[in-house]
Amino acid sequence: MELCALNGFFSPAQRQRFLLAVPRRRSVRQYRGAPDAGQIGALHYAAVRSALPGVRIVIGETPADQLYRKLPFVGAIQGTSRYAAVIADENVPHAAIHAGISGEALILEAVAMGLGTCWVAAFKRSGADIPLQPGEKIKAVIALGVPNEQGGPRKRKKLSEICGTDPAGWPLWAYNAAECVRCAPSAVNLQPWRLSYAWHALVLSTARAGADLDMGIAMLHMLLGAGDEPFIMCWEEGKEIASLVAEDGI
Ligand SMILES: Cc1cc2nc3c(=O)[nH]c(=O)nc-3n(C[C@H](O)[C@H](O)[C@H](O)COP(=O)(O)O)c2cc1C
Numbered sequence: 158m159e160l161c162a163l164n165g166f167f168s169p170a171q172r173q174r175f176l177l178a179v180p181r182r183r184s185v186r187q188y189r190g191a192p193d194a195g196q197i198g199a200l201h202y203a204a205v206r207s208a209l210p211g212v213r214i215v216i217g218e219t220p221a222d223q224l225y226r227k228l229p230f231v232g233a234i235q236g237t238s239r240y241a242a243v244i245a246d247e248n249v250p251h252a253a254i255h256a257g258i259s260g261e262a263l264i265l266e267a268v269a270m271g272l273g274t275c276w277v278a279a280f281k282r283s284g285a286d287i288p289l290q291p292g293e294k295i296k297a298v299i300a301l302g303v304p305n306e307q308g309g310p311r312k313r314k315k316l317s318e319i320c321g322t323d324p325a326g327w328p329l330w331a332y333n334a335a336e337c338v339r340c341a342p343s344a345v346n347l348q349p350w351r352l353s354y355a356w357h358a359l360v361l362s363t364a365r366a367g368a369d370l371d372m373g374i375a376m377l378h379m380l381l382g383a384g385d386e387p388f389i390m391c392w393e394e395g396k397e398i399a400s401l402v403a404e405d406g407i
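Quick note on numbering: the sequence shown equals residues 158 to 407 in the working numbering.
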């Protein structure tokens with residue numbers, strides 16, 4: 158079983174800050190302006206601090222109309238020129254999933270600062286003018302700014318729809334971890350996660366190919382929701398499926 162780089166990567170204080178930000182986070186598409194200079198400085202630090210192996214996060218600046226594609230059903234992103242480019246080096250194992258973890262960590266740091274954010278996969282590559290190394294790819298960008306909207310109600314599947322067995326019978330840490338995954342953002346709000354619990358291990362997988370970012374985002378939420386329970390996070394043999402193994406009864 159291969160250990161995941163997420164183990165011990167974020168400090169207890171960071172995990173606590175992220176957990177408090179989870180219920181406050183919504184995708185924000187209307188902004189009153191860009192973050193101020195102090196917030197940009199803090200975001201630069203958070204971008205470096207959050208980057209797991211194979212990930213680089215760059216804070217950039219481009220007018221919104223040159224960066225974001227217009228999507229049906231959701232409003233255009235307007236009112237801020239600041240964004241973070243989430244870059245993965247595809248030569249590094251798990252880098253695409255790490256990009257989801259690191260990008261979501263940056264988002265939760267930004268929310269803790271009072272900023273609005275939105276993951277954006279539908280961006281114009283010409284607008285994100287960032288030099289890349291061989292093997293690197295911009296997986297998504299994240300809009301960053303002063304929110305000008307509250308964000309709508311959270312539309313989510315029921316817990317029973319994403320859990321293999323009735324989570325009411327799981328230990329509290331596993332139930333809380335699953336509930337925290339349920340709050341996570343996902344592309345087109347597909348929520349492609351599956352969770353199952355057996356023998357002290359909560360196993361997270363996705364039902365959709367190519368959902369690397371969604372998987373990474375959910376892994377961070379799973380870790381945050383598990384709270385102070387001593388646990389390790391590992392990859393299943395030969396597959397990109399994450400297990401969070403609590404050490405309570407082992
Ligand atoms: C990987 C990823 C890509 C996304 N791409 C876009 C996008 O291109 N445009 C957009 O408006 N929202 C995008 N979103 C935001 C989702 O639509 C949003 O997270 C989802 O509807 C749930 O809503 P919430 O974030 O307010 O909880 C993306 C989210 C994720 C995780």
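Cβ atoms here follow ideal geometry from the backbone N, Cα and C, with glycine treated the same way.
Everything numeric in this text was worked out from a predicted model, so none of it was measured.
Exposed or buried, which one is Val338 when buried takes at least 16 other CB atoms within 10 Å? The residue you call residue 338 lines up with position 181 of the sequence shown. Buried: at least 16 other Cβ atoms inside 10 Å.
Ile374 and Gly232: beta carbons closer than 8 angstroms? Here residue 374 corresponds to residue number 217 of the sequence shown, with the count starting at 1. Here residue 232 corresponds to residue number 75 of the sequence shown, with the count starting at 1. Cβ distance not < 8 angstroms, so Ile374 and Gly232 don't count as in contact.
Three-state secondary structure assigned by DSSP to Met390: To locate residue 390, count along the sequence shown from 1; it is residue 233. Met390: strand per DSSP, three-state reduction.
Kindly list the residues whose CB is nearer than 6 angstroms to the CB of Ile295, restricted to its own chain and excluding five residues on each side of it in sequence; keep chain order. Along the sequence shown, one-based indexing puts residue 295 at 138. Within the same chain, Ile295 has close Cβ partners Ala242, Ile244 and Ala285.
Host alpha helix (DSSP H) of Leu269 (start-end): Numbered from 1 along the sequence shown, position 112 holds the residue referred to as residue 269. According to the sequence as given, residue 269 is Ala; it is not Leu. Ala269 -> alpha helix (DSSP H) spans Ala252 to Ala269.
Whole angstroms are fine: how far does the CA of Leu224 sit from the CA of Gln348? Translated into the one-based positions of the sequence shown, residue 348 becomes position 191. Translated into the one-based positions of the sequence shown, residue 224 becomes position 67. Spanning the two alpha carbons is a distance of roughly 25 angstroms.
Could you work out which residue in Tyr202, Asp385 and Ala358 is closest to Arg172 when comparing CA atoms only? Here residue 172 refers to the residue found at position 15 when the sequence shown is read from its first residue. The shortest Cα separation from Arg172 among Tyr202, Asp385 and Ala358 belongs to Asp385.
Selected residue, minimal CA-CA separation from Arg189, among Val249, Asn305 and Ile287: Sequence index remark: in the sequence shown, residue 189 carries index 32 (1-based). The option with the nearest alpha carbon to Arg189 is Asn305.
From the DSSP output, in three-state form, read off Cys161 for me. As a first step, residue 161 is located in the sequence shown; it is residue number 4 there, counting from the start. The answer is coil: DSSP assigns Cys161 none of H, G, I, E or B.
Using the rule of at least 16 other Cβ atoms within 10 Å of the residue's Cβ for burial, across every protein chain shown, is Ala368 buried or exposed? Mapped onto the sequence shown, residue 368 falls at position 211. Ala368 comes out buried.
In the DSSP assignment, find the beta strand (DSSP E) that holds Val243 and state where it starts and stops. Reading the sequence shown from its first residue, position 86 is the one you call residue 243. Element bounds for Val243: Arg239 to Asp246.
In three-state DSSP terms, what is Trp330? Taking the sequence shown and counting its residues from 1, one reaches residue 330 at position 173. The answer is helix: DSSP assigns Trp330 an H, G or I state.
Hey, is Ala267 close to ligand 1, as in C-beta under 7 angstroms from one of its heavy atoms? As a first step, residue 267 must be located in the sequence shown, where it is residue number 110. Checking every heavy atom of ligand 1 against the Cβ of Ala267, none is found closer than 7 angstroms.
Range covered by the beta strand (DSSP E) that runs through Tyr188: If you number the sequence shown from 1, residue 188 lands on position 31. Run containing Tyr188: Tyr188 to Gly190, per the beta strand (DSSP E) assignment.
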